[in-house]
Every structure is written in structure tokens, then in C-alpha cells.
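First up is the structure itself, then whatever we jot down about it.
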Amino acid sequence: DVSIQFQILKLLKDLTVQRNLGVILITHDMGVIAETTNRVVVMRYGKIVEQGNTVEVLSNPQSNECKSLVMSVPPTNKKIERFKLISPEGDEITNNSSNLTNSIIQNWAVREISNEKLLDFKNITKIFDEQLFFRSKKEINKLKALDNVSFQIIEGESFGLVGESGSGKSTIAKIITSLIKPTSGEVFFEDLSLHNPKNIKIKNKYRGQIQMIFQDPYSSLNPRFKVKEIIAEPIKFFQKGIGNNAIQKNINDLIDIVGMSRQSLERYPHEFSGGQRQRISIARALATRPRLLICDEP
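Per full-length UniProt numbering, the very first residue in the sequence shown carries number 1; after that it's consecutive.
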């Protein structure tokens, strides 16, 4: 998280000065680059597209790739319509891939935005019981991860959940997706209680409408599946009877919209970088056309 990141970056800066240490910082976070480095090299598709003094490169970027990265840091005082997109050839995409995006949206289960309550996270407390090694069963640590937390999400809105590591953010996500159960409280998706045992059969119909992009792209993808199988799995599960041609079209559209080549569909997760794996995770999460998408530091 931000506070731990600050401490680590400060340590690296101090070591650079005190120990005359050379540091290579590999990141796509331009804010970190601006704060930490003296010189910067910007790469794309295995080639250097720009390099120089960090202040000069970031204040006056020359390549479209570098301009795109600088613009990817959103201002806090206003909303921007869209980040700058760059084609594989290095040119700016002026239409922002609107045709592809519109195609995806039109095929989505479009519903009129009603500004009604979509999710009600109500008075949730979660306590984890941890038995200590070499201790009796009675000696158990109780960790209160969530303490009477409540919030609502309205249909059609983006909701930010901010906090340091260990503050309970991922626990909230796992409770919403029913990966874990709350100790007390209730979660309602529309008017359905997600953790009421009586609603299990009904809840299964809603599973495809709540999807999650997990924080760790290395452990959240099945290493035995090709990318096309990873994306196809939720489509087949939640859209019974769909034909192979329709499945393949959905897969192609999804891999296009996350900015990966269709050749990557025949490859396995271990052949990709962390960022590329996360793109695959995003495509998989969008495959069911969810109404609620939970992004755990994607």
C-alpha cells in the first residue's frame, strides 16, 4: 500500500546516498519514478523509446508512449474522459478504440441505470480465529478484520475502498464474493441476502453477476489452462447451451479489449509477465458480463 511503499522508497533513496548504491527501479508507476529516480528509460515492445533526466523526460515527454504514461497519472482536481492510448506502432489512437468498446457494451446485458441500491454491506464484522502452534486448542488468537462495517453501492457508480495493508479491504471483497462468510451482519445484492443458507439455490443465479479481479495475478490463474480456456470457463458455466462460435467470438472480443494479441490465447499463464496476467484476469472477470465488478488492486 501507499504507506509501506513510501517507507520502502525512502529506504532505497537513503541507501543510494549513504552507501553509494546503484538502484534499478522497474515499474509503470510514473509517480514513483518522479519521486525516486534521477534518470529514466521508457521502453515499449523490447525497445527504448525515450531516455534522459527524469525531470526533463516527465515534464516534456517526446514519444507518444511516454506521453501516455505521464497522462496515466490522473489529476486529483478533475476527472478526465479517457487516457491516451497508443497503437502497437507507437501512434496515438485518436478514437480510443471506440468501435470495439461500443461493440462490447452493446453485447452486454444492458440495463437502464436506475440509481437504485445494488449492494448493501450491512453491519459486517469478521473475526478470524488463529490457533497457535504448540499451544492447547483453547489458546486461540482472535483477529477482528472488520468491525461493524456498513456501506452501499448504487447501480452505475464507481466506489473506492482505500486503506493500508491489513485494514480489511480484501476481506470485504472476499465476503461480497462469498469466498468467506462474515461473523455477523448481512450482505444484500439487490434484495437477496448472499449469506443466508436458505438462498443458496437462488444465489447461484447471481454468481455470474458478481465478479472479482484478484490482487495476485500469479496465483489466481490456473497454470494448466491456456488463456482461451481460462476466459472460456466462466462463459460456459454461466451461459449454458452457448455455441462454440459464440464462445470464441466472446473470447476474441475480450482479449482485444484488454489489449492483448489473439495469438496469446494459445499460451499458458507462466509465459506472461505479471501485468499481462492481470489483463487475462480482467478479461476473465468481464466474461460473465457482471453487474458488480470488484477490483482488488488490479
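Think of the CB as a built atom: it goes at the ideal place given N, C-alpha and C, for glycine as much as any other residue.
Assigned with DSSP and collapsed to three states, R267 falls in coil, not helix or strand. Taking the CA atoms as reference points, S220 sits about 10 Å from M212.
When C-alpha distances from M43 are compared across S68, L9, K249, K198, the shortest belongs to S68. Distance check between N148 and each of D129, K117, L119, G185 places G185 closest, using alpha-carbon atoms only. In the three-state reduction of the DSSP assignment, E116 falls in the coil class. Between I235 and N252, the C-beta gap is not smaller than 8 Å, which leaves the two residues out of contact. For L286, the enclosing alpha helix (DSSP H) covers residues 274-286. When DSSP reads this structure, T125 sits in a beta bridge with S184.
Relative to A283, the option among E271, E233, Q7, I242 whose CA is nearest is E233. For the segment 148-235, the continuous alpha helix (DSSP H) assignments of 4+ residues that do not extend past its boundaries occur at 169-176, 200-206, in sequence order.
Distances from the alpha-carbon of F128 to those of T183, T27, P61 put T183 closest. Three or more Cβ pairs closer than 8 Å define a contact, and the segment 273-289 meets that threshold against the segment 214-230. Between the alpha carbons of K47 and R39 lies a gap of roughly 17 Å.
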